[in-house]
Structure formats: C-alpha cells, structure tokens
Amino acid sequence: MTVEKDLSKSVIFPVGSKITNDFFIGDAYLDMIIPEPTASTGAAGNVTFAPRARNNWHVHEIGQTLLVTGGEGWYQEEGKVAEKLVAGDIKVIPAGVNHWHGATSNSWFVHIAIAPGSTTWNGPVDDEQYADAEAGKIVMENK
Numbered sequence: 002m003t004v005e006k007d008l009s010k011s012v013i014f015p016v017g018s019k020i021t022n023d024f025f026i027g028d029a030y031l032d033m034i035i036p037e038p039t040a041s042t043g044a045a046g047n048v049t050f051a052p053r054a055r056n057n058w059h060v061h062e063i064g065q066t067l068l069v070t071g072g073e074g075w076y077q078e079e080g081k082v083a084e085k086l087v088a089g090d091i092k093v094i095p096a097g098v099n100h101w102h103g104a105t106s107n108s109w110f111v112h113i114a115i116a117p118g119s120t121t122w123n124g125p126v127d128d129e130q131y132a133d134a135e136a137g138k139i140v141m142e143n144k
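Numbering (my numbering), first residue to last: 2 to 144.
Have a look at this one:
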C-alpha cells in the first residue's frame, strides 16, 4: 500500500515529509503550506495519516481548525466520545481543549491543520485508548 496510490483521488497538496518527532504514533506526513503565521491566519499544514496513525494528546493556546480533505479519521476531546471525520468536514477546536486526531484503523486520513498559537504536547494515545475511541468509549488521557 503506497500513500500515492491510496490517496490519489483526495490529495490536494503534496504529502510532504514523514514526521519523525515523538508527538505521533504510526506513519504521518507533513507539508507546511503556510509555514509561518500571518496577519490573517495561523500556520497551516497538510497532514496525512496512515491507517491507525495519530498524534499525541495536545492543547492549542488559541485553538485549531481542521479542514478534512481525504479519507476517514478520528477527533477526540478528553472525556468525550470520538467523532468520525470525513472529507469535507471542518472541525473548530476551542482554545485549551486537550484532544487528539488521526486516521481510522482502515483508512488514510488527510486534513489541513490551522493553528495560530502555540501547542502544548501531552502523552501519547496508546493502543488501548485508540481501540476504546474506535469502540465509541469515552477516553481520558490519564487512565
């Protein structure tokens, strides 16, 4: 399975480079389409997640907006049931909300993430938390 083949009908921007930091689990890729915040927007990145890939729990100082452009993914706020996101969905995340997002277990997931302020990265979404989210259970960062 290749990124180019599986996303050929939904890729708008380049897939970018593989993310190699400790804030993601699984294969994820980033292309910064707006590398630095401007007077009219925050920095914006096209993020591509392989099936089951996800980012850690994190909080945005000013909030974040996700514009979903392909595949199927999860968005989950701490203490709430995960929401499935699909192409065309827009998720506006309020400031200060601990959350994570990533691909479902059987689909790639692509979104443009816009965040005007800083991000505080928290712990990983482990496999048990991920499975609970897919099963419709409420998940807390610290079990």
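Positions of the beta carbon are idealized from the N, C-alpha and C atoms, including for glycine.
In the structure shown, what three-state DSSP assignment does F14 receive? In the sequence shown, counting from the first residue as 1, residue 14 sits at position 13. Coil at F14, not helix or strand.
With C-beta atoms as the reference, is A104 less than 9 Å away from E73? Working through the sequence shown from its first residue, we reach residue 104 at position 103. Working through the sequence shown from its first residue, we reach residue 73 at position 72. Taking 9 Å as the Cβ cut-off, A104 and E73 qualify as a contacting pair.
Could you check if D23 is buried or exposed, using at least 16 other CB atoms within 10 Å of its CB as the buried criterion? Your numbering for residue 23 matches position 22 in the sequence shown. It counts as exposed.
Residues bridged to A114 by DSSP? In the sequence shown, residue 114 corresponds to position 113, counting from 1. By DSSP's assignment, A114 forms a beta bridge with G46 and L67.
If you follow the beta strand (DSSP E) that A88 is part of, which residue opens it and which one closes it? The residue given as residue 88 occupies position 87 in the sequence shown. First-last for A88: undefined, no H or E at that position.
Please state the DSSP three-state secondary structure of A29. The residue you call residue 29 lines up with position 28 of the sequence shown. In the structure shown, A29 sits in a strand (DSSP, three-state: E or B).
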